[in-house]
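Note sheet for the following structure.
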């Protein structure tokens with residue numbers, strides 16, 4: 001299994017504090033069946049410690065430590081990039097990393113807003129041959145209120161990644177209901193840990209996998225295995241057409257209700 005969103009690198013962002021925590025996160029990940037992690041520290045513009053060159057060196061260093069410790073896990077380079085109008089320029093300049101040097105690039109929105117320039121940025125990235133992946137859309141309040149806001153981005157070729165913690169209810173019932181609604185309407189294409197530590201937000205994936213398995217085994221294959229592997233190998237993903245959410249009250253998704261009862 002491949003985890004394409006994880007803050008496992010030591011001392012670079014709000015993820016692992018040091019190498020000891022990185023190694024313990026790695027042990028947890030391997031116990032969960034994860035074999036490869038694409039490291040996605042937050043990219044911070046004008047911060048040299050978070051640029052691509054520094055990141056590549058750090059990934060090599062951690063992989064050496066994993067090998068010495070006998071931990072059968074391989075790390076590769078990526079970023080979780082806070083959306084900015086300058087993002088296409090940062091890509092052209094080699095400042096930010098795509099996921100495992102593929103055509104796929106992981107992007108996050110501000111938590112309480114969808115920038116008015118987001119559609120233009122996604123459009124320009126698509127013209128550059130890149131495929132934006134929007135991180136954890138289920139956690140954004142505007143998407144919780146209206147999941148159909150994602151449709152204009154999905155129709156541009158943007159893909160979406162959900163967090164295992166959202167499925168497990170770590171961020172509250174509203175986020176949990178939202179992620180199930182998005183999954184049921186073909187608006188989620190990957191599930192990843194977005195792990196930050198060895199505790200509450202650890203790289204534990206099995207519980208979320210079992211939840212989805214109860215609903216549809218094929219979804220497990222797509223969201224946990226097939227699509228992450230295609231990102232890792234830089235292969236094209238043929239995403240199903242998203243379905244509009246027709247509201248009946250606030251949330252009506254039967255799958256969500258069954259899971260949460």
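Numbering (full-length UniProt numbering), first residue to last: 1 to 261. The beta-carbon is built from N, C-alpha and C at its ideal position, and this holds for glycine as well. Predicted model, so just to flag it, every value in this text is computed and none were measured.
Buried versus exposed, by CB contacts within 10 Å (16 or more), residue i
i, result
"residue 149", "exposed"
"residue 230", "buried"
"residue 204", "buried"
"residue 140", "buried"
"residue 16", "buried"
"residue 115", "exposed"
"residue 172", "exposed"
"residue 138", "buried"
"residue 165", "buried"
"residue 147", "buried"
"residue 253", "With a pLDDT of only 46 at residue 253, under 50, the local geometry of the prediction cannot be trusted, and the value read off the model is given with reservation. When all chains shown are included, residue 253 counts as buried."
Nonlocal neighbours in the same chain, by C-beta distance under 8 Å from residue i, ignoring five residues either side
i, result
"residue 52", "77, 79, 94, 95, 96, 97"
"residue 222", "189"
"residue 59", "9, 39, 75, 76, 77"
"residue 241", "186"
"residue 88", "121, 124, 125, 128"
Sequence-distant residues of the same chain with beta carbon closer than 6 Å to residue i, five excluded per side
i, result
"residue 36", "2, 74"
"residue 188", "160, 162, 182"
"residue 117", "85"
"residue 219", "212"
"residue 260", "Low confidence applies here, because residue 260 scores a pLDDT of 42, under 50, leaving its location unreliable and the question unanswered by this model."
"residue 81", "43, 96, 107"
Residue i versus residue j: straight-line alpha-carbon distance, rounded
i, j, result
"residue 31", "residue 154", "34 Å"
"residue 151", "residue 145", "14 Å"
"residue 195", "residue 9", "11 Å"
"residue 246", "residue 185", "10 Å"
"residue 167", "residue 69", "32 Å"
"residue 72", "residue 66", "7 Å"
"residue 124", "residue 86", "11 Å"
"residue 107", "residue 136", "10 Å"
"residue 143", "residue 225", "26 Å"
"residue 28", "residue 209", "15 Å"
"residue 132", "residue 83", "11 Å"
"residue 20", "residue 228", "27 Å"
"residue 55", "residue 45", "14 Å"
"residue 33", "residue 206", "8 Å"
"residue 64", "residue 134", "31 Å"
Presumed contact (8 Å Cβ cut-off) between residue i and residue j, rounded CB distance
i, j, result
"residue 122", "residue 158", "5 Å"
"residue 170", "residue 200", "7 Å"
"residue 41", "residue 13", "4 Å"
"residue 192", "residue 4", "5 Å"
Any chain B beta carbon closer than 8 Å to residue i
i, result
"residue 141", "Of the chains in the structure shown, none is chain B; there is only one protein chain."
Sequence-distant residues of the same chain with beta carbon closer than 7 Å to residue i, five excluded per side
i, result
"residue 112", "141"
"residue 202", "25, 28, 195"
"residue 11", "17, 18"
"residue 255", "At residue 255, the pLDDT of 44 sits below 50, so the modelled position is not reliable; the number obtained from the coordinates is stated separately. The answer, listed in chain order, is 180, 184, 215."
At least three beta-carbon pairs within less than 8 Å, the segment 102-119 to the segment 227-246:
Because the criterion of three Cβ pairs below 8 Å is met, the segment 102-119 and the segment 227-246 touch.
Please confirm if the segment 13-27 is in contact with the segment 165-182, defined as three or more CB-CB distances below 8 Å between the two stretches.
no
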